[in-house]
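A.B. asks:
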Amino acid sequence: MRRQHRPYGRFSLKKYCGPSLTPAQHQPNRETSNVPARYMLEESAVDADQQQRTAQQHDDTVIQITYVETLECVKSSIIEQIAQQQVSSSENTDKLNIGICDGDNLQKNTKLVKPTKHSKGKMLKKLRNTAKANMYRQVIVYLCMAPALCSLLMVPVVQYVLLYTSAITGLCVLWLSIGWFIAYYRMPSVKLSSKGKAVLITGCDSGFGYKLALKLDCEGYQVFAGCLFPDGEGARQLRNSASNRLHIIGLDVTKDEDFTSARSFVQQHLNGNVLWAVVANAGIFEFKEFEWFTSDEISRTLDVNVLGVCRTALTFLPLLRDARGRLVIVSSYAGRLTPSWHSVYSMSKHALIALADGLRKELYKFDVGVVTIEPFYFRTAILPLSDVICERFQRQQGSEMKALYSDEYVRTEAYSQIAFMDLRARDNAYEVVDTMATAISVQYPQSNYRVDGFCNWALCQLFLHVPPILVDWADYLAHARWSRGINDKLIRRQSAYERLFGRFPIPDDSTLEKNTH
Numbered sequence: 385m386r387r388q389h390r391p392y393g394r395f396s397l398k399k400y401c402g403p404s405l406t407p408a409q410h411q412p413n414r415e416t417s418n419v420p421a422r423y424m425l426e427e428s429a430v431d432a433d434q435q436q437r438t439a440q441q442h443d444d445t446v447i448q449i450t451y452v453e454t455l456e457c458v459k460s461s462i463i464e465q466i467a468q469q470q471v472s473s474s475e476n477t478d479k480l481n482i483g484i485c486d487g488d489n490l491q492k493n494t495k496l497v498k499p500t501k502h503s504k505g506k507m508l509k510k511l512r513n514t515a516k517a518n519m520y521r522q523v524i525v526y527l528c529m530a531p532a533l534c535s536l537l538m539v540p541v542v543q544y545v546l547l548y549t550s551a552i553t554g555l556c557v558l559w560l561s562i563g564w565f566i567a568y569y570r571m572p573s574v575k576l577s578s579k580g581k582a583v584l585i586t587g588c589d590s591g592f593g594y595k596l597a598l599k600l601d602c603e604g605y606q607v608f609a610g611c612l613f614p615d616g617e618g619a620r621q622l623r624n625s626a627s628n629r630l631h632i633i634g635l636d637v638t639k640d641e642d643f644t645s646a647r648s649f650v651q652q653h654l655n656g657n658v659l660w661a662v663v664a665n666a667g668i669f670e671f672k673e674f675e676w677f678t679s680d681e682i683s684r685t686l687d688v689n690v691l692g693v694c695r696t697a698l699t700f701l702p703l704l705r706d707a708r709g710r711l712v713i714v715s716s717y718a719g720r721l722t723p724s725w726h727s728v729y730s731m732s733k734h735a736l737i738a739l740a741d742g743l744r745k746e747l748y749k750f751d752v753g754v755v756t757i758e759p760f761y762f763r764t765a766i767l768p769l770s771d772v773i774c775e776r777f778q779r780q781q782g783s784e785m786k787a788l789y790s791d792e793y794v795r796t797e798a799y800s801q802i803a804f805m806d807l808r809a810r811d812n813a814y815e816v817v818d819t820m821a822t823a824i825s826v827q828y829p830q831s832n833y834r835v836d837g838f839c840n841w842a843l844c845q846l847f848l849h850v851p852p853i854l855v856d857w858a859d860y861l862a863h864a865r866w867s868r869g870i871n872d873k874l875i876r877r878q879s880a881y882e883r884l885f886g887r888f889p890i891p892d893d894s895t896l897e898k899n900t901h
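To convert a position in the sequence shown, counted from 1, into my numbering, add 384.
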């Protein structure tokens with residue numbers, strides 16, 4: 385029957401060499417001297433009486449040497465005496481097996497042949513190390529209990545500290561965000577003087593560019609108005625309406641030679657002023673299904689809307705860098721969202737936003753700002769007409785495409801798309817013009833300005849953050865819904881707007897002819 389031992393406490397030295405004897409009666413047994421001596425270090429808490437009763441049940445001799453828990457109580461003389469007795473009682477033994485028992489496990493680690501003084505010293509060293517390890521274990525346990533108790537006592541205090549710290553930090557971040565939003569978006573910025581500053585604008589034949597040139601001329605800027613047709617109606621009206629500070633430049637954004645001559649003209653006519661801002665406003669809007677585009681039309685759209693802005697920036701960036709001015713790029717909401725029939729146009733506007741974001745980081749070290757203007761639909765000359773789309777489709781597409789897309793589909797879908805844009809479009813184009821002038825004149829302009837109105841802004845924010853499948857479904861329901869029939873012909877179903885509001889009736893030939901005239 386194996387004894388149960390405590391992990392820490394007293395230990396005993398046990399020898400199995402004959403009949404059971406008490407420690408006082410122990411004498412070397414000469415009859416059993418051929419049995420190898422084995423010493424085991426074993427924990428015990430049994431007193432003398434219990435030890436004597438246990439010795440009667442087992443045929444072994446127990447020599448118990450009780451130590452206190454400190455190393456100082458280990459009596460090396462007693463251990464040496466016992467070792468000498470065992471060595472003398474095993475003169476005919478070739479080997480003396482010595483093992484150390486830790487708990488219940490007996491490990492035979494060392495075998496000594498003909499024990500010598502060195503082997504006895506090694507055994508004593510092991511005993512001392514074992515006692516020291518037991519003492520260290522108890523000390524470590526007691527030392528670890530103190531911080532553990534302190535930690536338990538500090539839990540409520542730490543909890544309240546963390547709670548109040550997180551609450552205060554959250555409130556500070558909230559109020560700082562609100563203050564930054566008010567200061568950056570709602571409070572008017574410092575407006576700089578226009579004295580000694582010049583501005584170059586592309587696409588001034590009509591639309592936003594035309595109105596911006598007149599506004600900046602009235603504010604005292606020297607204006608270089610780039611027109612595709614310098615002798616056209618728009619350029620002529622600019623000359624008649626503006627002061628002598630406004631200069632008309634013939635500028636086709638698809639031609640590098642026009643930019644070379646425009647830069648030379650600007651440098652010659654600055655007259656001591658600096659080129660403070662360049663507004664890349666020129667652009668075209670090709671509005672139809674992607675399959676109806678030709679490669680030349682796609683190239684032209686990208687050449688005007690994207691490469692034209694790149695040519696503008698590359699040509700006038702040295703002058704902007706000298707003046708520490710700013711580059712204003714007119715993009716669109718289509719650069720954030722891509723409705724149907726806007727594939728090519730949205731692709732070009734997405735590219736402009738990416739270009740502006742990259743240039744803003746690269747030109748920051750030169751104190752040159754880059755600002756994007758993102759207007760919503762406005763009623764300008766850039767918006768197409770449904771009859772123009774139908775006419776181009778009939779003139780440009782082949783028989784295969786005409787067989788797939790019927791005349792009814794082209795008329796109704798073009799009418800539905802343009803009616804939807806006209807429904808959401810805004811009338812006051814000066815909202816965009818004033819925003820462009822603000823980006824030019826304030827000391828700290830925003831990175832991008834969105835001119836849309838609250839309802840359009842909320843709708844676009846919703847579409848930007850919902851899953852794309854919901855956006856596709858809403859676009860499908862908003863316009864005239866078409867699906868493929870049994871004979872591979874497109875079959876039209878009534879749209880959601882038609883069912884709810886009746887806003888988009890199907891035009892007939894007479895309506896189309898009336899709109900054409």
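We treat Cβ as the ideally placed atom computed from N, Cα and C, and that holds for glycine.
1) By the 10 Å Cβ neighbour count, where 16 or more other Cβ atoms means buried, how is leucine 536 classified, buried or exposed?
2) Where does leucine 630 fall in DSSP's three states?
3) Helix, strand or coil: how does DSSP classify tyrosine 833 here?
4) Report, in whole angstroms, the separation of the C-beta atoms of valine 962 and threonine 696, which I expect to be a contact under 8 Å.
5) Check isoleucine 757 in the structure and name its three-state DSSP category.
6) From alanine 718 to alanine 661, what does the alpha carbon distance come to, in whole angstroms?
7) Name, in chain order, the residues that DSSP records as bridge partners for cysteine 611.
8) Tell me whether glutamine 801 is buried or exposed, calling it buried when 16 or more other Cβ atoms sit within 10 Å of its Cβ.
9) What are the boundary residues of the alpha helix (DSSP H) that leucine 807 is part of?
10) Exposed or buried, what is histidine 726 when buried is set at 16 or more other beta-carbons lying within 10 Å of its beta-carbon?
11) What does DSSP give as the partner residue(s) for valine 663 in the beta ladder?
12) Looking at the C-beta of aspartate 687, does it have a partner C-beta in chain D at a distance below 7 Å?
13) Between the C-alpha atoms of tyrosine 729 and threonine 553, what's the straight-line distance to the nearest angstrom?
14) Between which two residues does the alpha helix (DSSP H) carrying phenylalanine 649 extend?
15) In angstroms with no decimal places, state the Cα-to-Cα distance between leucine 711 and asparagine 657.
16) From Asp856, Leu721, Ser783 and Asp751, pick the residue whose C-alpha is nearest to that of tyrosine 828; which is it?
17) Check the C-beta distance from leucine 596 over to alanine 626 and give it rounded, since I have them as a contact under 8 Å.
18) Going straight from the alpha carbon of serine 578 to that of glutamate 617, what length do you get?
19) According to the Cβ coordinates, are proline 723 and valine 835 closer than 7 Å?
20) Mind checking whether the beta-carbon of histidine 726 lies closer than 6 Å to any heavy atom of the ligand GTP?
21) Please tell me whether isoleucine 757 and valine 714 are closer than 7 Å, where the distance is taken between their beta carbons.
22) Measuring only the C-alpha atoms, how far is cysteine 556 from isoleucine 562?
23) CB tyrosine 860 to CB methionine 805, shorter than 7 Å?
24) Around the C-beta of serine 716, are 16 or more other C-beta atoms found within 10 angstroms, so that it is buried, or is it exposed?
25) Starting from aspartate 687 and walking both ways along the alpha helix (DSSP H), at which residues does that stretch end?
26) Going by C-alpha distance, which of Cys611, Gln780, Leu698 and Val650 is nearest threonine 678?
27) I need the DSSP call for phenylalanine 669, collapsed to helix, strand or coil.
28) Between isoleucine 737 and phenylalanine 671, how many whole angstroms is the CB-CB distance? I'm expecting something under 8 Å.
29) Would lysine 581 and tyrosine 605 qualify as a contact pair, given that the criterion is a beta-carbon distance under 7 Å?
30) If you draw a straight line from the alpha carbon of glutamine 838 to that of proline 540, how long is it in whole angstroms?
31) Asparagine 518: buried (16+ other C-beta within 10 angstroms of its C-beta) or exposed?
32) Can you tell me whether leucine 701 is helix, strand or coil according to DSSP?
33) Residues in the same chain with beta-carbon distance under 7 Å from aspartate 601, minus the five sequence neighbours each way, listed in chain order, please.
34) I need the straight-line Cα distance from glutamine 651 to threonine 699, nearest angstrom please.
35) Is the CB-CB distance between glycine 591 and isoleucine 585 below 7 Å?
C.D. replies: Let me spell this out:
1) Stepping through the sequence shown from its first residue, residue 536 is reached at position 152. Per the 10 Å Cβ criterion, exposed.
2) The residue you call residue 630 lines up with position 246 of the sequence shown. Of the three classes helix, strand and coil, the one that applies to leucine 630 here is strand, per DSSP.
3) The count along the sequence shown starts at 1 and reaches residue 833 at position 449. Of the three classes helix, strand and coil, the one that applies to tyrosine 833 here is strand, per DSSP.
4) Shown here, the chain extends from 385 to 901; a query on residue 962 therefore has no answer.
5) As a working mapping, residue 757 is identified with position 373 in the sequence shown. In this structure, isoleucine 757 counts as strand in the three-state DSSP scheme.
6) Taking the sequence shown and counting its residues from 1, one reaches residue 718 at position 334. Taking the sequence shown and counting its residues from 1, one reaches residue 661 at position 277. Computed Cα separation, rounded: 24 Å.
7) By one-based count along the sequence shown, residue 611 stands at place 227. Looking at the DSSP assignment, cysteine 611 forms a beta bridge with Gly634.
8) Locating residue 801 in the sequence shown gives position 417, where the first residue counts as 1. When all chains shown are included, glutamine 801 counts as buried.
9) Sequence index remark: in the sequence shown, residue 807 carries index 423 (1-based). Leucine 807 -> alpha helix (DSSP H) spans 791 to 808.
10) The count along the sequence shown starts at 1 and reaches residue 726 at position 342. Histidine 726 should be labelled buried.
11) Within the sequence shown, numbered from 1, the residue matching residue 663 stands at position 279. The partner list for valine 663 (beta bridge, DSSP) reads Ile585 and Val712.
12) As a matter of chain content, chain D is missing from the structure shown, which is built from one protein chain.
13) Taking the sequence shown and counting its residues from 1, one reaches residue 729 at position 345. Taking the sequence shown and counting its residues from 1, one reaches residue 553 at position 169. When rounded, the distance between both Cα atoms is 45 Å.
14) If you number the sequence shown from 1, residue 649 lands on position 265. Residues 640 to 653.
15) Taking the sequence shown and counting its residues from 1, the one referred to as residue 711 is at position 327. Taking the sequence shown and counting its residues from 1, the one referred to as residue 657 is at position 273. The straight-line gap from Cα to Cα measures roughly 17 Å.
16) By 1-based counting over the sequence shown, the position of residue 828 is 444. Comparing Cα positions, the closest option is Asp751.
17) As a first step, residue 596 must be located in the sequence shown, where it is residue number 212. As a first step, residue 626 must be located in the sequence shown, where it is residue number 242. About 12 Å separates the two Cβ atoms, so there is no contact after all.
18) Within the sequence shown, residue 578 is the residue found at index 194, counting from 1. Within the sequence shown, residue 617 is the residue found at index 233, counting from 1. Taking the straight line joining both Cα atoms gives about 28 Å.
19) By 1-based counting over the sequence shown, the position of residue 723 is 339. By 1-based counting over the sequence shown, the position of residue 835 is 451. No.
20) No copy of the ligand GTP appears in this structure; indeed no ligand is present at all.
21) Position 373 of the sequence shown holds residue 757. Position 330 of the sequence shown holds residue 714. Contact: yes.
22) Working through the sequence shown from its first residue, we reach residue 556 at position 172. Working through the sequence shown from its first residue, we reach residue 562 at position 178. Looking at the two C-alpha atoms, the distance is approximately 10 Å.
23) Within the sequence shown, the letter at position 476 stands for residue 860. Within the sequence shown, the letter at position 421 stands for residue 805. No, Cβ-Cβ distance for tyrosine 860 and methionine 805 is not below 7 Å.
24) Working through the sequence shown from its first residue, we reach residue 716 at position 332. By the neighbour-count rule (16 or more Cβ atoms within 10 Å), serine 716 is buried.
25) Your numbering for residue 687 matches position 303 in the sequence shown. Looking at the DSSP string, aspartate 687 is not in any alpha helix (DSSP H), and its letter there is neither H nor E.
26) Position 294 of the sequence shown, counted from the start, is the residue given in the question as residue 678. Ranking Cys611, Gln780, Leu698 and Val650 by Cα distance to threonine 678 puts Gln780 first.
27) Counting from 1 along the sequence shown, the entry for residue 669 is found at position 285. It is coil, neither helix nor strand.
28) Your numbering for residue 737 matches position 353 in the sequence shown. Your numbering for residue 671 matches position 287 in the sequence shown. In fact, because the Cβ distance is near 20 Å, the residues do not count as touching under 8 Å.
29) Here residue 581 refers to the residue found at position 197 when the sequence shown is read from its first residue. Here residue 605 refers to the residue found at position 221 when the sequence shown is read from its first residue. Against a cut-off of 7 Å, the Cβ pair of tyrosine 605 and lysine 581 comes out as a contact.
30) Counting from one through the sequence shown, the residue named residue 838 turns up at place 454. Counting from one through the sequence shown, the residue named residue 540 turns up at place 156. Position check: residue 838 holds phenylalanine in this sequence, whereas glutamine was assumed. Those two C-alpha atoms are separated by around 48 Å.
31) For the purposes of this step, residue 518 is taken as residue 134 along the sequence shown, with counting starting at 1. By the 10 Å Cβ count, asparagine 518 comes out buried.
32) Residue mapping note: residue 701 aligns to position 317 of the sequence shown, counting from 1. Helix, per DSSP.
33) One-based indexing of the sequence shown puts residue 601 at position 217. Result list for aspartate 601: Val607, Ala626, Ser627, Arg629 and Leu630, in chain order.
34) For the purposes of this step, residue 651 is identified with residue 267 of the sequence shown, where counting begins at 1. For the purposes of this step, residue 699 is identified with residue 315 of the sequence shown, where counting begins at 1. Answer to the nearest angstrom: the Cα atoms are 12 Å apart.
35) Taking the first residue of the sequence shown as 1, we reach residue 591 at position 207. Taking the first residue of the sequence shown as 1, we reach residue 585 at position 201. Contact: no.
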